[in-house]
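>
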Amino acid sequence: MRGAYDVAHSFVHDHDAAEDIVQDAFVRAYTSLRTFRGEAQFGTWLYRIVVNISLNRLKTERRKAEREIPILGASAIVATEEDPGHAAGLQEHLERALHELPTLQRAVVILRHLDGMSTREVSVILQCSEGTVKTHLFRGMEKMRKRLEYLKGEEI
Amino acid sequence: MREHAQYRLLLYDYIMDELQNEQRAQVEQHVRRCRECAESLERLRETCQTLERRAVRPSRLRSEGYWEDFAARVEGRLPEPERRRLHLPRAFITSVGSLLQMRPRIAIGTGVAVAAAVLGLLLLRPATTIDVEPEQEARTAGRPTFEENSERLSSYLRQSRTLLVGLTNTDPPAERQIDLEPERLASRRLLKESRYLRLQPLDARSANLVTDVERIMIELASAQGTGTAPNLSLIQDGIRERNLLFKIRMAEQAYSSSRFVYASDRR
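Residue numbers (the numbering used here), protein chains in the order written: chain A, 1037 to 1192; chain B, -14 to 252.
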């Protein structure tokens, strides 16, 4: 469940929200086990539930933020500051750069690069083609690099 | 141009050494003559290295106690009918949870084994017809005597204990198939008995114990003839979590000193 927690946290950037997502995912997985058709492997199916809940939550929060806070990105910065034990420097920059990626690019970078899944597995989890996964990964990594360079320059 | 875009998307796989030899050679050849891709490759490599340094995983910021209690917290969120089933939810969460503690690539590979075990327990249950009609027996037999029920309950507990001790002590190597057929047949017999006993006016503690044991028997009766270690371990977890062997021994001691009573006799 720690792997699922890490994935959820990478999306929502908040410990309470990550816990809520993983608990929700396990409840859904258990109560809907009968609908598991074996088309995907079991671990992939469970991760898909975690990712779907995370993405839905982000969508809801984004809508809420658009209504309440006109400045985009403000919630991301607040969330970073709330993280317990969060060290400044590179770690914080990485988290921030990751958090500022568009949702699907972030999902692909998290699953493919940080969690080491194959392109095929990520495509099953996100329900898109392998080509789309590769495109999101390339663009996501490029944006990460640019953002990290910017944040590094800002520090100096 | 199209060719260039395609190669660009292979750069990550190239860095991670996940390409077949032929594709790898093609990427190398392309990068040698395409400056843009050569630069992209270098930048991507640097970004990957930087991201590797993201060493602190969020889950490590939680205490060990937090993870130990995790399954119980999830179980608390389950709807009541699900929660009452043998503590299987907790066994399920713990099994799948420890699976996901591994790197997902490994976890997904081994996920099939756990999925098969859990699905074996859950999916087969509705399809399994347990061919007994204890209700009918209990209704038509007239009210049995105190001695008859005492005897049946004692016998039921003794047989259940023998079966559960055997299951608890089974420790097969992971992934090796074990034959659960004899246990399954025994559990079906005991299930018939427990259904009869539950219809008798037992005291609360006896009724609870019979219900607890019955849940294990249902899982066992519904399990496949052969099972893997994870399959068996779910049942073992259920026995341990309910502390069933201890409860049965305590009940046997109590009943041997005639403390088994009809609920109606207490009034």
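Using N, Cα and C, we set each Cβ at its ideal position, and we do this for glycine too.
Taking H15/B as part of the alpha helix (DSSP H), name the residues at either end of that continuous run.
Residue mapping note: residue 15/B aligns to position 30 of the second sequence, counting from 1. Note, H15/B: alpha helix (DSSP H), N6 to R18.
> Quick check on DSSP: helix, strand or coil for L184/B?
Reading the second sequence from its first residue, position 199 is the one you call residue 184/B. L184/B falls in the coil class under three-state DSSP.
> At which residue ranges does the segment 1131 to 1160 of chain A contain complete alpha helix (DSSP H) runs of 4 or more residues, listed in the order of the chain?
Runs found: 1139 to 1144.
> How is D164/B classed by DSSP in three states: helix, strand or coil?
Counted from its first residue, the second sequence places residue 164/B at position 179. Looking at D164/B - three-state DSSP - the assignment turns out to be strand.
> Against chain B, which members of the segment 1156 to 1172 of chain A pass a CB distance test of less than 9 Å?
Residues E1157, G1167, K1170 and T1171.
> Run through chain A and tell me which residues come within less than 7 Å of S44/B, C-beta to C-beta.
Here the question's residue 44/B lines up with position 59 in the second sequence. Ordered by position in chain A, the residues that pass the 7 Å Cβ test against S44/B are R1038, Y1041 and D1042.
> Roughly how many angstroms lie between the CA atoms of I1181/A and Q34/B, to the nearest whole one?
Counting from one through the first sequence, the residue named residue 1181/A turns up at place 145. Counting from one through the second sequence, the residue named residue 34/B turns up at place 49. First, the residue type needs correcting, since residue 1181/A is Arg and not Ile in the sequence shown. So the alpha carbons of these two residues sit roughly 11 Å apart.
> Please state the DSSP three-state secondary structure of S1165/A.
Locating residue 1165/A in the first sequence gives position 129, where the first residue counts as 1. Residue state, collapsed to three classes: coil.
> In three-state terms, what does DSSP make of N1088/A?
Residue numbering aside, residue 1088/A sits at position 52 when the first sequence is read from its first letter. DSSP places N1088/A in helix when its eight states are reduced to three.
> Answer with buried or exposed for P43/B, where buried requires no fewer than 16 other C-beta atoms within 10 angstroms of its C-beta.
Here the question's residue 43/B lines up with position 58 in the second sequence. Under this definition P43/B is a buried residue.
> How would you call N1092/A, buried or exposed, if buried means at least 16 neighbouring beta carbons within 10 angstroms?
Residue mapping note: residue 1092/A aligns to position 56 of the first sequence, counting from 1. Label assigned to N1092/A: exposed.
> Does any CB atom of chain A fall closer than 8 Å to the CB of Y181/B?
To locate residue 181/B, count along the second sequence from 1; it is residue 196. Not one chain A Cβ lies under 8 Å of Y181/B.
> Given a threshold of 16 other Cβ atoms within 10 Å of its Cβ, counted over all protein chains shown, does R1148/A qualify as buried or as exposed?
As a position in the first sequence, residue 1148/A is number 112, starting the count at 1. Classification of R1148/A: buried, given that the 10 Å Cβ count is 16 or more.
> Using only the alpha-carbon positions, how far apart do T196/B and A1061/A sit?
The sequence position of residue 196/B within the second sequence is 211, counting from 1. The sequence position of residue 1061/A within the first sequence is 25, counting from 1. Roughly 29 Å separates the two Cα atoms.
> Determine the DSSP secondary structure at E21/B, reduced to helix, strand or coil.
Within the second sequence, residue 21/B is the residue found at index 36, counting from 1. It is helical.
> Based on Cα-Cα distance, which residue from S1068/A, I1161/A, G1176/A and D1042/A lies nearest to E1136/A?
Reading the first sequence from its first residue, position 100 is the one you call residue 1136/A. Per the Cα distances, G1176/A.
> Short check: CB of L205/B to CB of R180/B, under 8 Å?
Reading the second sequence from its first residue, position 220 is the one you call residue 205/B. Reading the second sequence from its first residue, position 195 is the one you call residue 180/B. It is not a contact, given that the beta carbons lie outside the stated cut-off.
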